[in-house]
Every structure is written in structure tokens, then in C-alpha cells.
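Working notes, beginning with the structure itself.
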Amino acid sequence: MYVLLVASAFNSLTQRVHAELRDHGHRVAVELALPDAPLGDTVRRHRPDLVLAPMLRTAIPEDVWAAYTCLVVHPGPVGDRGPSSLDHAVQDGETRWGVTVLQANAEMDAGDVWATADCPVPPVGKSDLYRGEIADAALEAVLLAVERFASGTYVPRPQTGGRARPPVRQEDRRIDWAADGTERVLRVLRAADSQPGVRDHLLGADWYLHGGHREDGLRGRPGELLATRAGAVCRATADGAVWIPELRAPRLPGRPATPRLPATLALADRLDRLPARPPLPELPAPPDAGPYRPAWSDIGYHEEGQTGFLTFSFPGGAMSTAHCRRLLGAYRTACTRPTTVLVLGGGRDFFSNGIHLGVIEAAADPAEESWANINAMDDLVEAVLTTTDRLVVSALGGNAAAGGAMLALAADEVWCRSGVVLNPHYRLMGLYGSEYWTYTLPRRVGPALADRLTTEALPLGAAAAQRLGLVDRTVPCAAGDFPRETQRLAVRLAALPATASRTAAKKAARERDEARRPLAAHREAELARMRRTFFDPHAPYHALRRAFVRKERPSATPPHLTRAAADRRGVTGLAVPDAAPGPGTC
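Each position in the sequence shown, counted from 1, maps to that position plus 433 in this note's numbering.
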């Protein structure tokens, strides 16, 4: 079938639906719902068999749903209605939730039901939940609904009852630091972790707080800042404390939106001399380390037999210069341990999305910060590529894009959870790319396919990535089970007799590759192009970065999305190269 996706943004769920429908043999195109593009004219131009809305903030107009079957993905169980479904679920402490695929009609979220799926609600942030359990349930329901529609015989079930709940406002999210315990504070912070944040007053100014993690050891006067760690601040609640990783300044009238930033960077000189907790425990923690154990850090390490696990989780998958340098330090320390396999990643959410565009945009000199950030990313990737005394596994429990995808490819094996979406390209940000992609990507898929992946700039599902050779193993499990499954598989890999011989062969192969073309040559060539872009004030990168960070709405759907993509020549879902004006490289 020809399926047209209508969405407010090409977000993570829309990308996953796009990739998986293509994997099932459907032709798929995308149109963004924009104020200056009447949706009726847009849909009639495509003449699709089915219109599907994975993420839509506005109602589908009557001239569209009356002429075409339009299915809407609602992130709530049957009968739940309203724009803040997940906010309510997380803030109210629901333990199970669901996703409903319903037919658009004159009443929002009240149409006939084509499919539904339920899922657990673990104690994680709304955005993590959305990319994990909710996305899994959404794909289950979407694929069933599309199959039912294609059959031509299924009759959807009318909704009976239900309730339309109001949107969650900032007054509903207000935290009373003197009275609210840690449990409520965490639920409120998690329900707004990515957007819109929780408006609050801190150190004489208003801020939006983004994200929240429990702290079990520190205590203080409720509302007081207690410590810093890894860019986050620790704030006391009525009965404990929480870590807040990011802050965002309110938008000023007539000014663009402000980026989320690491909390200590946002507060800058407002911070008093707070004690800085170590960003990472000693690797591994000695038996006599004392009673204090951090409940949260963005980098962690543990061992199981001959396997080391270096975990990391940065908000939004963005890695600033500081993130890269701290992770590189932890990686080098992990490489001093007597292990035969080292797992990089293994968490449930984003693996990495590359350089931190928000920190770059907020810098006094974005060009210099861009340069520092890409060099720090390159240093980290180089360390992985030159590890020859053990096998390195990249374990992707969540999505990866741009330099983050190339970081994953630097390992000897890449394992992905079945729900992961990969975007191995840079072109949409106006960048040629670095992180040794000109070495790692062609060695996995060949130069021709590497060129297509980086220029056509479409997302890949985990199954398609494995067929292409980008991924070595797909792990079919729930988001919360991925760390445990990764540990089981990695321990088994370390115990295999062939692992030692693979490590020796890896070292020999690296020496042969180095003789043919040194890694330094790849880095020099890539960075020469990146430097020209960073320090050219007229390069498209700067406007594209600014629009991304400030969440500016595009004026039109990018042409590479509007063209119907289907399975061609064994490469799932790649479209015709976009000939529109713009950056000519990835």
C-alpha cells in the first residue's frame, strides 16, 4: 500500500513508523502539518491508500478524513482523550498504559478503534517512555491496524464512554519544595522532562527544570541546592533530594526559544561554591568504598566476570565537549581492567546523537565550541578504534544518529534492541561529518552504500540495519530488559574460546588498515571540511543548528521525506537523492 504519514514533526515515533512500514513492504511518504500548507491539498496530491498520523498536535480537517481513511495514533488507552495523555500517566503514577489507533472524525480522539496495545509504565521520564514502551505498543497497534485496513474486511469498533482530560498546565506541575516529597517531585519532573519542563524559581531567576533522578544519600533544607555532579544540580526535597540534569531559561517576548543546557552551565556564576560530587565512582568501586553510593550518574561502570560494562546516558543523546572528555576518561580507565570484552552503552534510551548543538548554540563562539566538540568526539571514537587488546561491543538500547551512530560503528560488534532507529548521516545539519565515518561506514557496508546512506538521510530500523551490515545482532526485547539481555550475551561472548583468537585477528586487521591509510589521514580529511563549515558564518550549518535548537517550524516538508520510499535494490526504504538546493554533502 501507499501510506502517507502526516505529522507535526518527524520525531522518533514517526521515524520508527516510517522505517517499519517500509520493512513490511509499504510505500511511505511524509508530510508535515504546517499552517501555510492546507492539508487537504497536500493529501490529494499524494492520493494515498491510507493516511496515518503517528504524532499530530492538530486536528485532521474534515475534507481530509471524509475523503480518506485517516488513522491517528493516540498515546493512551481506549477512552483516554486529550493532548496530555502521557503527562497524566507519568505524573499520576500509572503503572500500565496503552496506545490506541483510531479513525479521525469530527471529535478529537473519539473515532472508531482500529487497534490497541497496552504496556507497562516504568519509573522513567516521559520522553524515555515514549521512545520505549509507548513506541513498542504503538508499532504493535499500527501494524495490526494497517493489516486490518489492507484486508478490506475489518470493521473498526466504535468507542463508548471515555473522557477528555484537559492539558497539563504549569500550575498542575508546580513543585512545593517545602512540602513535596521525593516521589511526587520525581513524577512531576519526569512528566515534563523533555517538554515543556517544570517552571520554577531558583537562585533569583525563573527556570524550566528538565529531568529528575533520585538521590539517596544527600539531605538538606527543602529547596536548597546541595551539590553538583556531571553538570547536574542536586536539590533537596521535603524528605530527600533529586538530581536535575538540565535547565532552560524562559523565552523572552519577541525572542527565539532558548535551549536546554546542563544545569551548571545554565546557572554559571549564580552557583555558590557547592561541593562537586565525583562524576563517576572509582572503577570498579572497592569493597571499602564507604556507605555513600550515588543513586545517579550519567556514566557508570561494572564488571561481570571477564566483561566490563561502561554505561552512559546523556539527555537527548547529545554529547558536549565535557561529556565526551569525561566518557573518554572513563573508557581509558575501563581499558586498564583485566577484561576480554568491553560493552559500551547498554542503557535503555538514546545511545548518542553526536555533538551537543544546544551547548554550541549557547557558547560565546559557536564555531570554536563546534570545533572543540567534534575533536572531543573524534578523540573518543579513536580510542575505541585503537583498542586492540579486547573486543568492544556497542550496545544500543535506544536510537543513535550522526556522530553517535558512527561512535557505535567504531566497535567490533554493534547490538541493537529491536525498536532502535538509526540515522547514520549528517547532511540534514549541513555537515560533512567526522568521527572517522569515512573509515567505519564503508568497511561495514561498502563505499556505494555508505554514500547512499549519508546522502539520502532516511531513518533505518534495527532489522534493516542488520540486513545492510550496520548491525551485527538485533535483540528482541522490551526497553527495560535490554541491559539484562546485553549483560547475558556479553558474558557469554567473553567465555567463548574463539574470543581470544578474534582479538588477535582484530589487532592484525587494524595494523593492515593503518598501513593502507592511517586513521590520522581520515581524521585530517574529515576535519578539514568540518572546520571550513564551522568557521564560515554563511554556511547552512549555522542556520540549521539555530533552527533545530530553537525548535523553529520549517516552512515546508523537506523534499526527501515527501517522496514515497519503498524497498529497492535490497536497501530498505532509501529514497531518490534529494536534488533540492542545500548542502551537497552529508
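We put the beta carbon where it would ideally sit given N, CA and C, even for glycine. Since the structure is predicted, the reported quantities are computational estimates derived from the model, not experimental observations.
- Listed in chain order, the non-local C-beta contacts of L454 below 6 Å within the same chain comprise V436 and V461, local neighbours out to five positions each way being set aside.
- The beta carbons of A890 and H993 sit closer together than 7 Å.
- A contact is defined here as three or more CB-CB pairs under 8 Å, and the stretch 939-947 meets this definition with respect to the stretch 820-827.
- By the neighbour-count criterion, in which a residue is buried when 16 or more other Cβ atoms sit within 10 angstroms of its Cβ, V814 is buried.
- Here the stretch 865-875 makes no contact with the stretch 578-587; the two share fewer than three CB pairs at distances below 8 Å.
- Annotated as proximal: D845 and V825, with beta-carbon spacing under 7 Å.
- G778 and H479 have their C-alpha atoms roughly 41 Å apart.
- Between the alpha carbons of E648 and T769 lies a distance of about 29 Å.
- Within a 10 Å sphere around the beta-carbon of R950 sit fewer than 16 other beta-carbons, which makes this residue exposed.
- In chain order, T821 place their CB closer than 7 Å to the CB of K940, counting only its own chain and leaving out the 5 sequence neighbours on each side.
- Per DSSP, the continuous beta strand (DSSP E) segment holding T740 begins and ends at T740 to F745.
- Straight through space, the alpha carbons of Q524 and R617 are spaced by roughly 8 Å.
- Leaving aside the five residues that flank A997 on each side, the residues in its chain whose CB is nearer than 7 Å to its CB run, in chain order, Y435, R460, V461 and A462.
- Residue A976 holds the alpha-carbon nearest to the alpha-carbon of E794 among V497, P600, Y764 and A976.
- In this structure, the alpha-carbon of P629 lies about 51 Å from that of S934.
- Within the stretch 837-885, the runs of beta strand (DSSP E) that reach at least 3 residues and sit entirely inside it are, in chain order, 846-850 and 854-856.
- Taking 7 Å as the cut-off, the Cβ atoms of G531 and R598 do not count as close.
- T772 and Q739 have their C-alpha atoms spaced approximately 5 Å apart.
- Judged by their CB atoms, G791 and V631 are not nearer to each other than the 7 Å cut-off.
- For V497, the closest of L694, H858 and V476 by C-alpha to C-alpha distance is V476.
- Assignment of H457 by DSSP, reduced to helix, strand and coil, places it in the coil class.
- The three-state secondary structure of A972, taken from DSSP, is coil.
- Nearest Cα to A800 within the set T491, A881, R979 and A550: R979.
- D782 and S445 have their C-alpha atoms some 12 Å from each other.
- Of the other Cβ atoms in all chains shown, 16 or more fall within 10 Å of the Cβ of S730; this residue is therefore buried.
- At a Cβ-Cβ threshold of 7 Å, P494 and V506 do not count as neighbours.
- DSSP places E918 in no beta strand (DSSP E) but in the uninterrupted alpha helix (DSSP H) bounded by F915 to A928.
- DSSP lists R529 as the beta-bridge partner residues of P553.
- When DSSP states are grouped into helix, strand and coil, W729 belongs to the coil group.
- Annotation: the stretch 621-672 contains the following complete segments of the beta strand (DSSP E) (minimum length 3 residues), in chain order: 631-635, 638-643, 646-648, 658-662 and 665-669.
- Look at H789 here: in three-state DSSP terms it is coil, with no helix or strand label.
- For E736, the three-state secondary structure derived from DSSP is strand.
- In the three-state reduction of the DSSP assignment, W498 falls in the helix class, which pools H, G and I.
- L840 and R758 have their C-alpha atoms roughly 14 Å apart.
- When DSSP assignments are scanned along the stretch 745-809, the uninterrupted stretches of beta strand (DSSP E) that are 3 or more residues long and fall wholly within it turn out to be 774-778.
- When secondary structure is reduced to three states using DSSP, Q536 falls in the strand class.
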